[in-house]
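Data first, discussion second: the structure below is written as structure tokens.
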Amino acid sequence: MSAPVTATMHPTAPDWPPEFVERYVSAGFWRSETFGGVLKTVAGRMGAQIALVDGDRRLSFEELDRSVDELAAGFAGLGLGKGDVVVVQLPNRAAFVEVVFALFRLGSVPVFALPAHRSVEIGAFCSFTGAKAYIVADVVGGFDYRELAADIRARAPSLAHVIVDGEPGPFLALDGLRRPPVDLPAIDAGDLACFQLSGGTTGIPKLIARRHRDYLYNVRASVEACDFNERTVYLAALPMGHNFPMACPGFLGTLLAGGRVVVTDRPTPDVCFDLIARENVTATALVPPLAMVWLDVAEMTKPQVPSLRILQVGGAKLGHEAARRVAPALGCRLQQVFGMAEGLICFTAPEDPDDVVLNTQGKPMSTADEVRIVDGDGNDVPDGVTGHLLTRGPYTIRGYFGLSEQNAASFTPDGFYRSGDLVRRVAGGQLVVEGRDTDQINRGGEKIAAEEVENFLLGHEGVLDVAVVGLPDGYLGERTCAFVLPRSSRPTPNDLRMFLKASGLAAFKIPDRFEFLDSFPTTGVGKISRKTLRETLKAMHSGAGAASAAAAE
Ligand code: OOB
């Protein structure tokens, strides 16, 4: 089934031009600190205060710091060191935090894979980075990550170690690696800290290299914007590898502010309401579909969660109606968060009036964020007019890792990132997200590149051609539909689902619907008209039928 995974190149992480480095350093945005060092400083200050709660396991700052040193020593004992890439795919649990800080301290660079990723995605991360190690859990929700690891290991020659948190099977047990602390290499603030992942619009999962200095600034600026401090108790309910619950301010921000992180791998309202009550959680972050489930349940069960002060919602657009329900249902303030793994983060402010909190996605968090909203010709549009969002700043990358060709398309020559988002700026300076200009589907915060799914479906013998589009959905924001032109042996939707699953594609990328057509509607220049396909779907829903809608163009 799977092709070998080989590291073929020496990709580089684009850096900021020297004049910007100087600007950000002299303004104090970038400091000479590293994540590993900052944790040690905070641990020195917070000592026996509890830093991390995972079920019955409670780690003080001292204990966390010590545990991180022991794991870092264990990783070093395996031969891992500065600059080595390690794919980390763990569910939300205390070990996630320990592993990540141990790698930071060692100067090894984690790639934050999501628990939902499968062999396609993990194989691509390994081949692209030449990863030396892959860290997984044993079995989660019935899925055995060790089997996935065995498949990857067989195809990725660079992968020297598979490390398992739990029952290791044929691999190394994470806990067995702990060693007394050793001297670790000196890490510079300009060294790579980690790789975040881009939602992307093409088949290649793009890697976003974050350095200690810019990612720490991301964290510090978020902490300041959200007023996180030693009294903050943050519930990490979204997958912790994602930029939002990691660094905006997320678990990193909470710990670096001296607050407490409570982790759960079950983001359901019943589990989380109990945790919020038990641990006096003050803040958490959700994507809109999850927020809506919490709201539905809260309105019925009226949970006692008086400690909760802020519910951050972001990753996809939160509808006005859902936004309005947050304060009455949960007794806390809503904070809208519009961000991207590439950098720019916008927040509504705690003191903003309701109208702003309910109807906008907030303001860029840094005074050094440069935002341009432009028309199709690249000219700035006036406030109130929707245009393409371009941005650059002290924590927005200047290019994807090792993708010089794509970088020319995704970044302007003067270094602005073309986000693909369509936004308008309102009078108070906040942004309102109106949509996207690319073929990316945002399925409740999970980003799906239409092209990636299409490429896989084209590999099925019964598929002549295919177009994947997003269909508006009240709950997820968008669902995916694949329009298929079948060959004479027409596959069933189930055949195609099973085929995608067997190909090793993450489950959230498998289309929700399949529709079979005899021909595609085309645009004036003969390209497939995705717009007409979307209208076709809407017409089907309203009962008008596919054929008539397709013929209408
Ligand atoms: C976050 O990061 P990514 O990289 O998974 O996705 C970024 C994209 C944005 O370009 C935008 O299209 C969409 O997700 N998005 C939103 C949104 N927040 C993100 N669209 C509408 N409203 C929002 N509030 O999703 C992310 C990273 C850090 C913090 C929060 C979200």
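The UniProt record's numbering numbers the first residue of the sequence shown as 1 and each following residue consecutively.
The beta carbon of each residue, even a glycine, is placed where N, CA and C say it ideally should be.
DSSP state of residue i, grouped into three classes?
i	result
histidine 161	strand
lysine 538	helix
valine 68	helix
glutamate 370	strand
arginine 118	coil
alanine 27	coil
isoleucine 50	strand
alanine 507	helix
cysteine 226	helix
tyrosine 234	strand
alanine 285	strand
leucine 78	coil
alanine 550	Its pLDDT being 37, under 50, alanine 550 is placed unreliably by the model, and nothing is read from it.
arginine 213	helix
residue 554	Missing from the structure shown is residue 554; the chain here goes from 1 to 553 and no further.
asparagine 442	strand
aspartate 265	coil
glycine 420	strand
proline 18	helix
leucine 290	helix
alanine 13	coil
alanine 449	strand
valine 42	helix
methionine 1	Model confidence at methionine 1 stands at a pLDDT of 40, short of 50, so the residue's coordinates are unreliable; what they give is reported in the following sentence. Coil, per DSSP.
residue 564	Coverage of the chain is limited to positions 1 through 553, which leaves residue 564 absent and any answer about it impossible.
glutamate 434	strand
valine 426	coil
glycine 545	In this predicted model, glycine 545 has a pLDDT of only 43, less than 50, meaning its place in the structure is not dependable; the value taken from the coordinates is given anyway. Three-state DSSP puts glycine 545 in coil, outside helix and strand.
threonine 8	Legend: pLDDT at threonine 8 = 44, less than 50; position of this residue unreliable, no value from coordinates given.
asparagine 243	helix
Would a C-beta distance cut-off of 8 Å place residue i and residue j closer than the cut-off?
i	j	result
arginine 490	phenylalanine 516	yes
aspartate 265	proline 493	no
leucine 471	arginine 534	yes
leucine 476	glycine 435	no
alanine 116	valine 182	no
alanine 257	phenylalanine 228	yes
leucine 308	alanine 291	no
alanine 72	phenylalanine 61	no
leucine 207	phenylalanine 195	yes
valine 85	threonine 41	no
proline 267	leucine 238	yes
alanine 221	methionine 340	no
glutamate 63	arginine 179	no
leucine 106	leucine 78	no
alanine 298	alanine 329	yes
glycine 199	glutamine 440	yes
glycine 402	proline 11	yes
On a Cα-Cα basis, can you pick out the residue from the options that is closest to residue i?
i	options	result
glutamate 224	Arg146, Cys248, Phe244	Cys248
alanine 327	Arg220, Gly77, Gln312, Val111	Gln312
glutamate 279	Ala298, Ala154, Pro306, Leu286	Pro306
glutamate 461	Pro511, Val468, Gly37, Asp495	Asp495
glutamine 430	Arg333, Arg497, Ile345, Arg105	Ile345
aspartate 512	Asp214, Met498, Arg325	Met498
tyrosine 145	Gln89, Met240, Ser127	Gln89
glycine 393	Gly378, Asp377, Lys132, Phe411	Phe411
alanine 449	Ala467, Pro350, Gly36, Thr391	Ala467
glycine 459	Leu252, Ser503, Ser419, Asp437	Ser503
alanine 323	Gln304, Val287, Lys302, Pro303	Val287
methionine 240	Val261, Ala221, Ile310	Val261
arginine 333	Thr367, Glu446, Thr282, Glu321	Thr282
leucine 39	Leu114, Arg178, Thr254	Thr254
phenylalanine 20	Leu216, Ala368, Val426	Ala368
leucine 389	Leu275, Thr438, Ala349, Pro350	Thr438
cysteine 226	Pro14, Ala95, Gly169, Ile310	Ile310
* Within the chosen definition, does the stretch 341-359 reach the stretch 380-387 through at least 3 CB pairs nearer than 8 Å? -> no
* Asked: For the 8 Å Cβ check, are there 3 or more pairs between the stretch 28-43 and the stretch 188-197?
  -> yes
* Entirely within the stretch 173-210 and at least 4 residues each: give me those alpha helix (DSSP H) ranges in chain order. => none
* Asked: Which runs of the beta strand (DSSP E) fall wholly inside the stretch 93-160 and span at least 3 residues, in chain order?
  -> 109-112, 133-137
* Taking only runs of the beta strand (DSSP E) that begin and end inside the stretch 340-418, which ones reach a length of at least 3 residues, in chain order? -> 343-347, 370-374, 387-392
* To do: Evaluate the contact criterion for the stretch 90-107 versus the stretch 238-256: three or more CB pairs, one atom per stretch, below 8 Å.
  => yes
* To do: Any chance you could list the beta strand (DSSP E) runs of at least 3 consecutive residues sitting entirely within the stretch 293-345, in chain order?
  => 310-314, 333-340
* the stretch 401-408 contacting the stretch 19-26, beta-carbon criterion three pairs below 8 Å -> no
* Give a yes or no on contact between the stretch 46-60 and the stretch 143-153, applying the rule of three or more CB pairs nearer than 8 Å. => no
* the stretch 120-128 / the stretch 154-174 touching (three or more Cβ pairs under 8 Å) -> yes
* Asked: At what residue ranges does the UniProt domain "AMP-binding enzyme C-terminal" (452-527) contain a whole run of the beta strand (DSSP E), taking only runs of 3 or more?
  -> 463-473, 477-486, 513-516
* Asked: So, do the stretch 131-140 and the stretch 157-176 have three or more beta carbon pairs nearer to each other than 8 Å?
  -> yes
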